Amino acid sequence: MSKEFVSDDAIEAISLPKTNKKEFQLPKEAISHYIIVKYTPVATNGANGDPMYVVSDDVVERGSSQAKPK
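The sequence shown begins at 1 in UniProt numbering and counts up one residue at a time.
Next up, the structure:
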């Protein structure tokens, strides 16, 4: 698995936001893959900005059970 990201045409969405949430759960299919987050800023007048991408430093590893909220 390579961390190099070339185009979003070659990736598959594993989660699509339904609202403007800052937290989400990754499905088990994400294990051993890098996470790529695409963010498109929207101005208060509704105009879209240029999309930005962030790639995780490491692949997703299997973790322990879900952490309890504080």
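All C-beta atoms in this analysis are idealised placements derived from N, C-alpha and C, irrespective of residue type, glycine included. All of these numbers come straight from a predicted model, not from anything done at the bench.
Would you list the residues sitting across from residue i in a DSSP beta bridge?
i   : result
N48 : V42
I35 : The partner list for I35 (beta bridge, DSSP) is empty, contrary to what the question assumes.
From residue i to residue j, what does the alpha carbon distance come to, in whole angstroms?
i          : j   : result
G49        : E61 : 33 Å
residue 71 : E29 : The question about residue 71 has no answer here: the residues shown for the chain are numbered 1 through 70.
I31        : D58 : 11 Å
T44        : Y34 : 32 Å
Q25        : G46 : 28 Å
Between residue i and residue j, how many whole angstroms is the CB-CB distance? I'm expecting something under 8 Å.
i   : j   : result
V37 : V54 : 5 Å
Y39 : P51 : 7 Å
Residue i by DSSP, collapsed to three states: which one?
i   : result
V54 : strand
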